[in-house]
Amino acid sequence: MKALLLAGGLGTRLRPLTENLPKPMAPIANRPWLEHLITHLREQGVDQFVIAAHHCSDVIRRYFGDGRRWGVKIEYALEPFPMGTAGAIKNAERLLDERFLVFNADIVHLPQLIPLLEFHRQHGGIATIALTEVDDPSSYGVVEQDDTGRILRFIEKPRPEEAPSNRINAGLYILEPEVMRYIPAQREVSIERETFPRLIQENAGVYGMVSSGYWRDMGTPARYRQVHWDALDRRFPLSMQGRQVQPGVWTGEGVELGSGVLLVPPVLIGNNVKVGDQAVIGPYAVIGDNCYIGARVHCSNSILWDRSVVRDGSRLSNSIFGYRTVAPAGEEFKNSIINQPQEVMQA
Ligand code: GTP
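The sequence shown begins at 590 in our numbering and counts up one residue at a time.
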């Protein structure tokens, strides 16, 4: 079975980090989220992927190539313009001739596929939408279902008292190839706003099943950070690179800590990181590979992507530094999101 990974959005809400990076390639715990997702799906038995991409698609292609290194086959469906979440599916039609999975590749979750596939087979619909339950559904599209699980309608951003359920679209679908007949070609089409409502209206059989477990989209800086803190707090079983050297502290290979360095859990430090004397890292800090942290730096609630440099005495809180960011000495960074021009990423 093939999985189509939707990775062609512009990621505007995560700018400037996504100015030269597709959002699903943003690292989570020092590895591109797309890599975590592909690895998880391979463990679930999926070994063929189509990546639907547009914005900075080269970053994805150069990183994953044909997927061999990950033990999977990866093909690409590149869009001449962002074709939307259904337009991207239509654009990949020639690569999808059987039942297939679709993932919004910016959603952080590690779903179990077997129960969803079994549900889809039993109900025989044209589409099964994985649903997730949220405490406050008022900023999402909420589903109304009948007793069999059939979706009757979507209600966008309902007031709390009007929400028929707390179940929302989790951004994971099982689709039959007949869906293609309902998606117009060569234009932008949204699956949420256009295709699913049309399939429901035409009674084509759209079902929803709750996929339990951790679920969060990483589309804004606050959510992107929160995914990290949840990973560090082990709220979901994301694989962490490195060794846990004390409870809540993971460090990679070749890490050099100066004298008097304090690591306040939870903290993740990548490979070949140097930390200067008296620095305080954490709580809630993720330091990418090959970073250099100067003496007396304080870094909490912050994420540094690979090869970043923070010079002596600077203080970071609630900040995200993109690849190779250099922060001068003695500066304070609060709620800062910094990105600098990039070279191409290699796996
Ligand atoms: P914002 O610009 O911040 O809204 O982000 P986005 O448009 O990149 O993401 P959004 O949350 O709207 O989309 C959900 C998922 O669908 C993400 O993984 C996107 O990469 C993907 N996506 C959105 N639009 C397109 C598109 O036109 N083509 C493709 N291939 N994927 C898309």
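Backbone N, C-alpha and C fix where the C-beta goes; we use that ideal spot for every residue, glycine too.
Give the DSSP-derived three-state secondary structure of V838 in the structure shown.
-> For the purposes of this step, residue 838 is taken as residue 249 along the sequence shown, with counting starting at 1. Note: V838 maps to strand in three-state DSSP.
Have a look at E624, N792, A666 and M769 and flag the residue whose alpha-carbon is nearest the alpha-carbon of I640.
-> What you label residue 640 is simply residue 51 of the sequence shown in a count that begins at 1. Taking only the C-alpha atoms, the option nearest I640 is A666.
Confirm the yes/no value for this check: CB of H629, any heavy atom of the ligand GTP, distance under 7 Å.
-> Taking the sequence shown and counting its residues from 1, the one referred to as residue 629 is at position 40. Every heavy atom of the ligand GTP is 7 Å or more from the Cβ of H629, so no.
Who are the Cβ neighbours of E686 in its own chain at under 8 Å, not counting the five residues just before and after it?
-> In the sequence shown, counting from the first residue as 1, residue 686 sits at position 97. Going by the sequence as given, residue 686 is Asp instead of Glu. Only P766 meet the Cβ criterion.
Mind checking whether the beta-carbon of D695 lies closer than 7 Å to any heavy atom of the ligand GTP?
-> For this step, residue 695 is matched to residue 106 along the sequence shown. Yes, Cβ of D695 sits closer than 7 Å to a heavy atom of the ligand GTP.
Under 8 Å between the Cβ atoms of P611 and I649?
-> Within the sequence shown, residue 611 is the residue found at index 22, counting from 1. Within the sequence shown, residue 649 is the residue found at index 60, counting from 1. In contact: P611 and I649 (Cβ atoms closer than 8 Å).
Based on the DSSP secondary-structure assignment, which residues constitute the bridge partners of R739?
-> Your numbering for residue 739 matches position 150 in the sequence shown. DSSP lists Y796 as partners of R739.
Could you tell me whether the stretch 623 to 630 touches the stretch 598 to 609, using the rule of 3 or more Cβ pairs below 8 Å?
-> Not touching, per the Cβ criterion.
Do G730 and the ligand GTP come close, with the Cβ less than 7 Å from some heavy atom?
-> Here the question's residue 730 lines up with position 141 in the sequence shown. Because no heavy atom of the ligand GTP lies under 7 Å away, the Cβ of G730 does not count as near it: no.
So Q637 and K591 are in contact, right, with Cβ under 8 Å, and what is the actual spacing, rounded?
-> Here residue 637 is taken as the residue at index 48 of the sequence shown, counted from 1. Here residue 591 is taken as the residue at index 2 of the sequence shown, counted from 1. Their Cβ separation, rounded to whole angstroms, is 4 Å, which keeps Q637 and K591 in contact under 8 Å.
Would you kindly work out how many angstroms separate the C-alpha atoms of V915 and V898, rounded to a whole number?
-> Numbered from its first residue, the sequence shown carries residue 915 at position 326. Numbered from its first residue, the sequence shown carries residue 898 at position 309. Distance between the alpha carbons of V915 and V898: 5 Å.
Closer than 7 Å: T601 CB and nearest the ligand GTP heavy atom = By one-based count along the sequence shown, residue 601 stands at place 12. At least one heavy atom of the ligand GTP is nearer than 7 Å to the Cβ of T601, so yes.
Looking at G865 and G877, is the spacing between their C-beta atoms short of 8 Å?
-> Here the question's residue 877 lines up with position 288 in the sequence shown. Here the question's residue 865 lines up with position 276 in the sequence shown. Taking 8 Å as the cut-off, the Cβ atoms of G877 and G865 do not count as close.
Local Cβ density within 10 Å of I909, reported as buried at 16 or more and exposed below that | Residue 909 sits at position 320 when you count from the first residue of the sequence shown. Buried, because 16 or more other Cβ atoms sit within 10 Å of the Cβ of I909.
Start and end of the alpha helix (DSSP H) containing R651?
-> In the sequence shown, residue 651 corresponds to position 62, counting from 1. From DSSP, the alpha helix (DSSP H) with R651 extends over S646 to F653.
With respect to 7 Å, is the separation between the Cβ of T674 and the closest non-hydrogen atom of the ligand GTP below this value?
-> By 1-based counting over the sequence shown, the position of residue 674 is 85. T674: yes, Cβ under 7 Å from the ligand GTP.
So, is L721 buried or exposed, given that buried needs 16 or more other C-beta atoms within 10 angstroms?
-> Within the sequence shown, residue 721 is the residue found at index 132, counting from 1. Residue 721 is actually Thr in this sequence, not Leu. T721 comes out buried.
Cβ atoms of S800 and L690: under 8 Å apart, would you say?
-> As a working note, residue 690 is residue 101 in the sequence shown. As a working note, residue 800 is residue 211 in the sequence shown. For L690 and S800, no; Cβs fall outside 8 Å.
Identify the residues that DSSP records as bridge partners of S906: which are they?
-> To locate residue 906, count along the sequence shown from 1; it is residue 317. In the DSSP output, where bridge partners are listed per residue, S906 has S889 and K923.
With DSSP as the reference, label Q790 as helix, strand or coil.
-> As a position in the sequence shown, residue 790 is number 201, starting the count at 1. DSSP, reduced to helix, strand and coil, places Q790 within a helical segment of the structure shown.
Leaving out the 5 sequence neighbours to the left and right, which residues in its chain are closer than 8 Å to A759 when beta-carbon positions are compared?
-> Walking along the sequence shown from the start, residue 759 turns up at place 170. Around A759: I696, H698, P700, I718, A719, L720, T721, S800 and W804.
Q701 - DSSP class collapsed to helix/strand/coil | Numbered from 1 along the sequence shown, position 112 holds the residue referred to as residue 701. Here Q701 sits in coil by DSSP.
Can you grab the Cα-Cα spacing for the pair L594 / N693, in whole Å?
-> Position 5 of the sequence shown, counting from 1, holds the residue named residue 594. Position 104 of the sequence shown, counting from 1, holds the residue named residue 693. Looking at the two C-alpha atoms, the distance is approximately 6 Å.
Is K591 near the ligand GTP, judged by its Cβ being under 7 Å from some heavy atom?
-> Here residue 591 corresponds to residue number 2 of the sequence shown, with the count starting at 1. Flag unset: Cβ of K591 not near the ligand GTP.
Bounding residues of the beta strand (DSSP E) (the contiguous stretch that carries E664) | Indexing the sequence shown from 1 puts residue 664 at position 75. Note, E664: beta strand (DSSP E), K662 to L667.
Residue(s) in a DSSP beta bridge with A642 | By 1-based counting over the sequence shown, the position of residue 642 is 53. Answer is L667, bridged to A642.
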